[in-house]
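Undergrad:
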Amino acid sequence: MITSKQRSFLKKLAHDLEPTVFLGKSGLTENIKKEMENGFESRELVKVKLQEGCSLSPKEVANDLAQELNAEFVQAIGRKFVLYRESRDNKQILLPKR
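FYI, in full-length UniProt numbering the residues of the sequence shown are 1 to 98.
1) Please state the DSSP three-state secondary structure of Q6.
2) Give the straight-line distance between the Cα atoms of D64 and S57, rounded to the nearest whole angstrom.
3) Since I77 is in the beta strand (DSSP E), which residue starts that stretch and which ends it?
4) What did DSSP end up calling L23 once you bin it into helix, strand or coil?
5) Distance, Cα to Cα, M1 vs K25?
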């Protein structure tokens, strides 16, 4: 669990990120989950955009994915959301102390 200070720090980092994962009309597939796993290992912070054809709710999908992928929900704005998970082998983001 991350603190509000850490969440704020991650929001600042995510602001300039372009979405790396896109959810379309086929919704949440295994390939999407694999891509997110790769994103967590290489970047730790993953921004996802729901395309116009996607009927899912961004906050619901974000919370479901965070729980399933053992990640932390950072924020959801409009049709985009950001998740964070510390990389096992490629740690790049140093969070502020608790």
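C-beta atoms are modelled at their ideal positions from N, C-alpha and C, and glycine is treated no differently.
TA: So, from the listed chains and residues:
1) Along the sequence shown, one-based indexing puts residue 6 at 6. Helix, per DSSP.
2) Stepping through the sequence shown from its first residue, residue 64 is reached at position 64. Stepping through the sequence shown from its first residue, residue 57 is reached at position 57. Roughly 11 Å between the two C-alpha positions.
3) Here residue 77 refers to the residue found at position 77 of the sequence shown. That run of the beta strand (DSSP E) goes E72 to I77.
4) As a position in the sequence shown, residue 23 is number 23, starting the count at 1. Here L23 sits in strand by DSSP.
5) For this step, residue 1 is matched to residue 1 along the sequence shown. For this step, residue 25 is matched to residue 25 along the sequence shown. Taking the straight line joining both Cα atoms gives about 31 Å.
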